[in-house]
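Residues 40 to 360 in the numbering used here are what the sequence shown lists, from first letter to last.
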Amino acid sequence: MLVDGKWTAEWKPVEKTDEKGGFVRQTSSFRNWVTPDGVAGPTGEAGFGAEPGRYHLYIALICPWASRTLIGRKLKGLESVISLSIVEPMITEEGWRFGDYPGSTEDSVNGATYLHQVYTKADPHFTGRATVPVLWDKKRGTIVNNESADILRMLNSGFGDLATSDLDLYPADLASEIDALNDRIYPRLNNGVYRAGFATRQVAYDEAFDDVFDMLDELEARLADGRPFLHGDRFTETDVRLFVTLIRFDAAYHGLFKCNLRRISDYPGLSGYLKRVLEFPGIRDTVSIDHIKHGYYSMKALNPQRIVPRGPDLSDLGLSG
Ligand SMILES: N[C@@H](CCC(=O)N[C@@H](CS)C(=O)NCC(=O)O)C(=O)O
């Protein structure tokens, strides 16, 4: 991680744990918002108005949080408005790196080799982990925001007419339902799989494991009435946030993170839902099982030999890797 702007030690997945040995995720530190007219958003400063070509998104295809934002950019038709860099899937001793792994890119904006250099360009004294996603402002030369939940929401409405799709991922009449379900799914499932995988004691793993499968059971029951998406007929932000975890589950979390009571393919409702979301126009293009498997299984702390499993067979989803 970075301490006062300097890269300090070899990358490791867990920097902080609670009293039970549970993984504690760092809170995001850049929290400004792009808005159509540049007024301040719910947090942070004003001055980040929507303009074509002004913003750049840094992501990793392995990462569920970054993939939320990649999906938002795609579904809102913002690909020609916001440029993109993709890090290599294998995390290095200095964290995320740009390079020529297939499907990855160079940093076309800041010319960085490692993502942590982008953080120190924004704040030469930054202390913390250099995480993806990062939304960068080329005009002010700084990070607008590095919290995927914020970025997904600002992609939905912060770019106003620059968005060529009128799909609304956060419709006003569903806002409170969306917030309530997001708040259940995030700790138990989206972050629950990480809490299981990064637990440093049995008790923390056991708790996380129960949360993960209780939440999957709850979602399976929710889908039992045949609704296409979590909130009914409309595809929303909650679907984006659930999808990014489900699509990684059988390929990475079931094995590496020891979330192995069941696979998503064992749940009829959830696996039908996963296929449906994958077929939603634009979504499939945002998925790389190759990056997901090589990325997760490159974490030396969890997989010292870094051997990447050949399975599972995802041909049912039309995916290989
Ligand atoms: N709160 C952040 C979390 C992002 C995050 O943890 N990203 C991971 C990749 S999945 C990362 O970049 N980790 C690098 C590190 O922790 O050093 C968000 O949702 O945007």
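Note that beta-carbon positions come from the ideal geometry of N, C-alpha and C, so glycine has one too.
As the structure is a computational prediction, the values presented were derived from the model and not from experiment.
| query | result |
| --- | --- |
| Which first and last residues belong to the alpha helix (DSSP H) in which T108 is found? | P103 to L114 |
| To the nearest angstrom, how far is it from the Cα of E84 to the Cα of V73? | 10 Å |
| Just to check, is the beta-carbon of M193 closer than 8 Å to a non-hydrogen atom of ligand 1? | no |
| Determine the burial state of H164: buried for a count of at least 16 other Cβ atoms within 10 Å of its Cβ, exposed for fewer. | exposed |
| For T239, which residues in the same chain have their Cβ closer than 7 Å to its Cβ, ignoring the five residues on either side in sequence? | V53, T56 and G60 |
| Beta carbon of Q65: closer than 8 Å to some heavy atom of ligand 1? | yes |
| Going by DSSP, which residues form a beta bridge with V42? | K45 |
| Roughly how many whole angstroms lie between the Cα atoms of H293 and R301? | 8 Å |
| Pull up the distance between the alpha-carbon of D355 and that of Y312, whole angstroms please. | 13 Å |
| Under the criterion of a Cβ to heavy atom distance below 8 Å, does G134 qualify as lining ligand 1? | yes |
| Run through the DSSP bridge pairs and tell me what N229 is partnered with. | The partner list for N229 (beta bridge, DSSP) is empty, contrary to what the question assumes. |
| Here's a check: name, in chain order, each residue in its chain whose Cβ is nearer than 8 Å to the Cβ of R266, leaving out the five neighbours to either side. | D272 |
| Quick test of your reading: Y97 and V157, contact by CB under 8 Å. State the CB separation rounded to the nearest angstrom. | 6 Å |
| Please tell me whether R179 and G86 are closer than 9 Å, where the distance is taken between their beta carbons. | yes |
| Inspect the beta-carbon positions of S337 and M193 and report whether they are closer than 9 Å. | no |
| Who does T181 pair with in a DSSP beta bridge? | D176 |
| I want to check one thing, is the minimum distance from the CB of R302 to the heavy atoms of ligand 1 below 8 Å? | no |
| Would the C-beta of A169 count as close to ligand 1, meaning under 8 Å from any of its heavy atoms? | yes |
| What are the boundary residues of the alpha helix (DSSP H) that includes L96? | It is not in any alpha helix (DSSP H) - L96 instead sits in the beta strand (DSSP E) that spans Y94 to I98. |
| Using 8 Å as the Cβ pair cut-off and three pairs as the minimum, do the stretch 254-261 and the stretch 188-202 touch? | no |
| Quick one: using the 10 Å Cβ neighbour count with 16 as the cut-off for buried, is P103 buried or exposed? | buried |
| When the Cα atoms are used, what is the spatial distance from A89 to V347? | 41 Å |
| Which same chain residues end up closer than 8 Å to P141 when comparing Cβ atoms and leaving out the 5 residues on each side of it in sequence? | D329 |
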